[in-house]
Amino acid sequence: MESLADLIPSLVGLIVGIVAGYVGARAIDRSRLNSAQLRASEVLRDADKEAETIKKEALLQAKDKLFQARADMENEIRERRAEFSARESRLLKKEEHLERKTGHIETKEQALVKQEKEIESAHKRAKDKEKEAENLLRKQNEKLEQLAGMSTSEAKELILKKVEDETRIESARIIRQIEEETATQADKKAKEIIATATGRYAADYVAERTVSVVNLPNEEMKGRIIGREGRNIRAIEAATGIDLIIDDTPEAVILSGYNSIRREVARISLERLINDGRIHPARIEEVVKKVAREVEETIIEAGEQASFDVGVHGIHAELIKLLGKLKYRTSYAQNVYLHSVEVAFLCGIMAAELGLNQKKAKRAGLLHDIGKAIDHEVEGAHAVIGADIARRFGESSLIVNAIAAHHGDEEPSSTIAALVQAADTLSAARPGARREMLENYVKRLEDLERIADSFKGVSKSFAIQAGREIRIIVENTNISEDGLSLLARDIRKKIEKELSYPGQIKIVVIKESRAVEYAR
């Protein structure tokens, strides 16, 4: 009990202390609150003052911007007004200009209307005068017809015929004059070029034929070639395609055939069989095949050799092969391979004289007869065939045209094409180049004289120089001096149209003077 009584005063003191602390804390809090309220009021007053200041500054800035915008707008309005004023001024000027133009147009229109009326009036007067002139002309023609005793159409025909005759005579005179003026220099230059070409190149005379002869060591060999019941000779003919003629010719067998390559294969094969002594069908077939391969190699070598000799390179392999085949091809008994090489050299020499491209001229000359290698297999003229082959294997248009034009199947498009024509004619026409059958030779002479005699005014004609020249004597009363050139030209055209011949034919028409033409 005493302990509890001792504790009560302590508890009371503790409680009193707590109460006093609480009351003191409240007083402090109120003091702090009042102080905070005072500071808050001051802050609010400062904020109000600052807001008022900002408001005034913003208002001033807004007024400044408004003033500036108003000034800019006024400047823009002034500029627009000035621009509109300038446009209005220009429009007014254009309007005045258009009004003036309109006035001019109206004036011109009135003038044109007036002129149109005057033209119509003049046209009407012209028609009246034309009708009057037609009437006068008709009356005049009627009077002329009465006086002349012929109609207008008859008079026209008579006048036209007279004018035509006079024109022909005059044209002949002019042609003769031009030919006389140019012939000297042209003929001189042509002769110089041809003489230079032929002088710098010389070829062998022709000695080709369409049969081959194989010599035999003895007469007994003929029997071995024929074989039992003819089996050997049949095997040879079947393998080579060439006919063997075994007749009374001593120690010789004749090989006959138009294909010279096959004939060469048959000749070499037969010679080897004779030398070997083993002649039977199996051996014959073996030898013929081997020889055919060798001949083909020889053909390629010949083509390459021609290309090398002439100095022309880059020719397609197929053209080289066809060129080599020409070694076994003849034309009028002239070897076409040698003829092609000769034409190439002549073209090159003449091109050098004329300052042209020698390589192209030689190339065209070498390939000009390439069609003859297969013209027995393909339909058409050899010039056209050769041009197609050259085009197919990449030759230029100049070379193709030179090949196609060397016999007149096409018109020459270059000087080189004309050189190929000249060189081809020169190579074929030189003495000894070609050989013709007697019947063809005689027939050509007769045809030349027949054509010449068919023309009016021809008294007599003579084919001379182995058919390379024809001389025509005309009647003095029927052919005038100026008509000689026309007659020579007409005869040339008819010869070129109706006859086929190597080289060229010279036509000489003889009266008191002579006119010369060449049929090429």
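In the numbering used here, the protein residues as written are 33 to 552. Glycine included, every Cβ here is placed at the ideal spot set by N, Cα and C. Keep in mind it's a predicted model, so treat the numbers as computed, not measured.
Item: Between the Cα of valine 540 and the Cα atoms of Val490, Tyr533 and Leu98, which residue gives the shortest distance?; Value: Val490
Item: Quick check on the burial criterion: 16 or more other C-beta atoms within 10 angstroms. Buried or exposed for phenylalanine 340?; Value: exposed
Item: Which class does serine 493 belong to by DSSP, given the choice of helix, strand or coil?; Value: strand
Item: Beta-carbon within less than 8 angstroms of threonine 509's beta-carbon, same chain only, minus the 5 sequence neighbours each way: which residues are those?; Value: none
Item: Does the contact criterion of 3 or more C-beta pairs under 8 angstroms hold for the region 276-285 versus the region 313-323?; Value: no
Item: Cβ of valine 285 within 9 angstroms of Cβ of isoleucine 311?; Value: no
Item: Return the bridge partner residues of glutamate 549 from the DSSP annotation.; Value: Ile539
Item: Under a three-way DSSP split, which group does asparagine 433 fall into?; Value: helix
Item: Which one of Arg122, Leu399 and Asn389 has the shortest CA to CA distance from asparagine 433?; Value: Leu399
Item: What are the boundary residues of the beta strand (DSSP E) that arginine 304 is part of?; Value: Segment 292-308 is the alpha helix (DSSP H) holding arginine 304; no beta strand (DSSP E) there.
Item: So, for leucine 451: in the same chain, excluding its five sequence neighbours on each side, which residues have a beta-carbon less than 7 angstroms away from its beta-carbon?; Value: Cys379, Met382, Ala383 and Ala393
Item: Does the distance from the C-beta atom of aspartate 479 to that of glutamate 202 stay below 9 angstroms?; Value: no
Item: Name the residue from Leu531, Tyr533, Lys543 and Leu516 whose alpha carbon lies nearest to the alpha carbon of glutamate 549.; Value: Leu516
Item: From which residue to which residue does the beta strand (DSSP E) around serine 288 run?; Value: 284-288
Item: Going by CA-CA distance only, name the one from Gly403, Arg424 and Arg423 that's closest to alanine 415.; Value: Gly403
Item: In this structure, how does DSSP classify asparagine 66 when only helix, strand and coil are distinguished?; Value: helix
Item: Report yes or no: do three or more beta-carbon pairs, one from the region 297-305 and one from the region 343-363, lie closer than 8 angstroms?; Value: no
Item: Indicate whether the contact test is met: 3 or more Cβ pairs, each with one atom in the region 260-273 and one in the region 287-299, closer than 8 angstroms.; Value: yes
Item: So, helix, strand or coil for arginine 361, using DSSP?; Value: coil
Item: Starting from the C-beta of glutamate 120, find all residues in its chain whose C-beta is less than 7 angstroms away, skip the five residues before and the five after it, and write them out in chain order.; Value: none
Item: Suppose the cutoff is 6 angstroms on Cβ atoms and the five residues either side in sequence are ignored; what does the same chain contact list for alanine 520 look like?; Value: Ile539, Val541, Ala547 and Glu549
Item: When we look at the beta-carbon of valine 145 and count the other beta-carbons within 10 Å, is it buried (16 or more) or exposed?; Value: exposed
Item: Between the alpha carbons of serine 512 and isoleucine 483, how many angstroms are there, rounded?; Value: 20 angstroms
Item: With arginine 423 as the anchor, note down where its alpha helix (DSSP H) starts and where it stops.; Value: 414-424
Item: DSSP state of glutamate 251, grouped into three classes?; Value: coil
Item: Which value, in whole angstroms, describes the spacing of the CA atoms of lysine 357 and serine 445?; Value: 28 angstroms
Item: Does leucine 276 come out as helix, strand or coil in the three-state DSSP assignment?; Value: strand
Item: Quick check on DSSP: helix, strand or coil for valine 410?; Value: coil
Item: Based on the DSSP output, what are the partners of asparagine 367 in its beta bridges?; Value: Thr362
Item: Could you give the residue range of the beta strand (DSSP E) that holds arginine 395?; Value: That residue, arginine 395, is in no beta strand (DSSP E); its alpha helix (DSSP H) goes 390-399.
Item: Around the Cβ of leucine 458, are there at least 16 other Cβ atoms within 10 angstroms (buried) or fewer (exposed)?; Value: buried
Item: Could you pull the DSSP bridge partners for glutamate 501 from this structure?; Value: Ile496 and Lys538
Item: Can you tell me the Cβ-Cβ gap for leucine 430 and isoleucine 417, rounded? I've got them flagged as a contact below 8 angstroms.; Value: Not quite, the Cβ-Cβ distance comes to about 19 angstroms (not below 8 angstroms), so this is no contact.
Item: Determine the direct distance from the alpha carbon of threonine 139 to that of aspartate 104, and round the result to whole angstroms.; Value: 52 angstroms
Item: Nearest to glycine 397 by CA position, among Ala59, Glu481, Glu196 and Ala454, is which residue?; Value: Ala454
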